[in-house]
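To keep things clear, I will list the structure first and then write my remarks on it.
There are 2 protein chains.
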Amino acid sequence: MGSRKKTKPLMILLQTFEGSNGALSSVELVNQLREKMNKTTVYRILQRLEEGGDIHSFMGKDGLKWYAKCKGNKKGQKMDAHPHFQCSYCGKVQCMDLEISVPTIPGYQIDEAELLLIGRCKNCLEELA
Amino acid sequence: MGSRKKTKPLMILLQTFEGSNGALSSVELVNQLREKMNKTTVYRILQRLEEGGDIHSFMGKDGLKWYAKCKGNKKGQKMDAHPHFQCSYCGKVQCMDLEISVPTIPGYQIDEAELLLIGRCKNCLEELA
DNA sequence: TTGTGAATGCAACAATGTTGCAATAAGTTT
DNA sequence: AAACTTATTGCAACATTGTTGCATTCACAA
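From first to last, the protein sequence lines are chains A and B.
According to the working numbering, the stretch in the first sequence is residues 661 to 789, in order.
According to the working numbering, the stretch in the second sequence is residues 661 to 789, in order.
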């Protein structure tokens, strides 16, 4: 008894997303998992998870890559387009549960759309009040 | 005659934007101006131009910072929100002359919105046809 | 057990961007 | 014009984010 299998990095990473409501930046992930796995592994697993459609990524205004768990949308389907909100005060990023309207442009083929909203988040606004 | 003032880096940079219809990435700018000025100067001038409202910046899907000249909108006014299109084939980025609709989110203050559209641009589509 | 391919760690590298400081240029005051 | 002051630039060194090559380990199948 007791000889349980070592939890795999991929699982650890997925759990990290479960335990967080917002999006996680690469930096946050690398730091938070520093003792459990190598940063190369973090990046590689993120890539695998993204390719597999389990998480999606986008660039923050801060120049960091942010990752979040995919909710409703099935694997491979790119156009689930919800906006992301980045607070310019606390820096945190969240997925917003809204549909965005993606414009059509004659002559162009649009495969993906990222709407990044920048401002002040609920928490930071309340702290101010 | 002939002793004209040396053109200042800031002017050179602004002219670079004039001569280009699309957006320019930091990398492109640093490379293109390598012989005329130091990369530190490029970055510093970009910052000044952005603060002054002459250009605006946004993150591309490629993780690079892209810059483009501000057209209609007056200095300081952030919410002119037009989308940017990045071609995943040639990598080029353009400002799209469209208004985008920025959602409202109760409890949040939205100061800025960036819509990045990713797909295949006119040129790349035509080459395929 | 052995063999095979995938997954991981490690170190070194690459690219983008920033900082400190010295040198220069531009503008002001006397 | 000379002296002073401030802003601009260049350079080198650094910081951060991310990638690559290669050796090692792990998981699984024969």
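C-beta atoms are modelled at their ideal positions from N, C-alpha and C, and glycine is treated no differently.
**Prompt:** Count the other CB atoms within 10 Å of the CB of Q754(B); is the residue buried (16 or more) or exposed (fewer)?
**Reply:** Flag for Q754(B) reads buried.
**Request:** Would you kindly work out how many angstroms separate the C-alpha atoms of E695(B) and L684(B), rounded to a whole number?
**Result:** Going by the C-alpha atoms only, they are around 17 Å apart.
**Prompt:** Could you give the distance in angstroms between the alpha-carbon of I790(A) and the alpha-carbon of G713(A)?
**Reply:** Examination of residue 790(A) is not possible in this model, given that chain A is present from 661 through 789 alone.
**Prompt:** From E688(A) to A789(B), what distance separates their C-alpha atoms?
**Reply:** Rounded to whole angstroms, E688(A) to A789(B) spans 44 Å at the Cα level.
**Message:** Which residues in chain B have a C-beta closer than 9 Å to the C-beta of E772(A)? List them in chain order.
**Reply:** In chain order: K721, S748, L776, L777, I778 and G779.
**Prompt:** How many Å lie between K782(A) and A773(B) at the Cα?
**Reply:** Cα-Cα distance, rounded: 17 Å.
**Partners in chain B for Y727(A), counting only beta-carbon separations shorter than 8 Å** = Using a Cβ-Cβ cut-off of 8 Å, Y727(A) is close to nothing in chain B; its nearest Cβ partner there is about 13 Å away.
**Asked** Between M661(B) and the rest of its own chain, which residues show a CB-CB distance below 7 Å, the 5 nearest in sequence each way excluded?
**Response** With a pLDDT of only 34 at M661(B), under the threshold of 50, the placement of this residue in the model should not be trusted; the figure read from the coordinates follows. Same-chain partners within the cutoff: there are none.
**Message:** Going by DSSP in three states, L693(B) sits in which element: helix, strand or coil?
**Reply:** Per DSSP, reduced to three states, the secondary structure at L693(B) is coil, with no helix or strand assignment.
**Prompt:** Got a sec, what are the start and stop residues for the alpha helix (DSSP H) C730(A) sits in?
**Reply:** DSSP places C730(A) outside any alpha helix (DSSP H), giving it a letter other than H or E.
**Prompt:** What distance in whole Å lies between the Cβ atoms of E759(B) and H742(B), which are believed to be in contact at a cut-off of 8 Å?
**Reply:** About 7 Å; that satisfies the 8 Å criterion.
**Asked** So who's on the other strand from C747(B), going by DSSP bridges?
**Response** According to DSSP, C747(B) bridges with G779(B).
**Asked** With 16 as the cutoff for other CB atoms within 10 Å, does G720(B) come out buried or exposed?
**Response** It is buried - the Cβ of G720(B) has at least 16 other Cβ atoms within 10 Å.
**Prompt:** Hey, how far is the Cα of E678(B) from the Cα of L693(B)?
**Reply:** Each residue's alpha carbon lies about 14 Å from the other.
**Item:** Close-in-space but distant-in-sequence residues of the same chain around T701(B) (CB under 7 Å, 5 per side omitted)
**Value:** The residues P669, in chain order, have a CB closer than 7 Å to that of T701(B) in the same chain once the five nearest residues on each side in sequence are set aside.
**Request:** Inspect the beta-carbon positions of L777(A) and I778(B) and report whether they are closer than 9 Å.
**Result:** No. Outside cutoff.
**Request:** Check the Cβ-Cβ distances between K734(A) and every residue of chain B, and say whether any is below 9 Å.
**Result:** Residue placement at K734(A) cannot be trusted, given a pLDDT of 49 that sits under 50; what the coordinates show is reported in the next sentence. It does not: the Cβ of K734(A) has no partner Cβ on chain B nearer than 9 Å.
**Asked** Are the C-beta of V702(B) and some C-beta of chain A separated by less than 9 Å?
**Response** It does not; no Cβ of chain A falls within 9 Å.
**Prompt:** Between L785(B) and chain A, is there a C-beta pair that is closer than 9 Å?
**Reply:** Closer than 9 Å: yes.
**Item:** Sequence-distant residues of the same chain with beta carbon closer than 6 Å to P766(A), five excluded per side
**Value:** Around P766(A), the same chain offers no residue with a beta carbon nearer than 6 Å, after the five sequence neighbours per side are excluded.
**Item:** V690(A) at chain B interface by Cβ criterion, 9 Å
**Value:** Taking 9 Å as the CB threshold, V690(A) stays off the interface with chain B.
**Asked** Which residues in chain A sit within 7 Å of S685(B), going by Cβ to Cβ distance?
**Response** Going along chain A, no residue has its Cβ under 7 Å from S685(B), so there is no contact; the nearest lies around 12 Å.
**Asked** Rounded to a whole number of angstroms, what is the C-alpha to C-alpha distance between K725(B) and F718(B)?
**Response** Near 6 Å, if we compare the C-alpha coordinates of F718(B) and K725(B).
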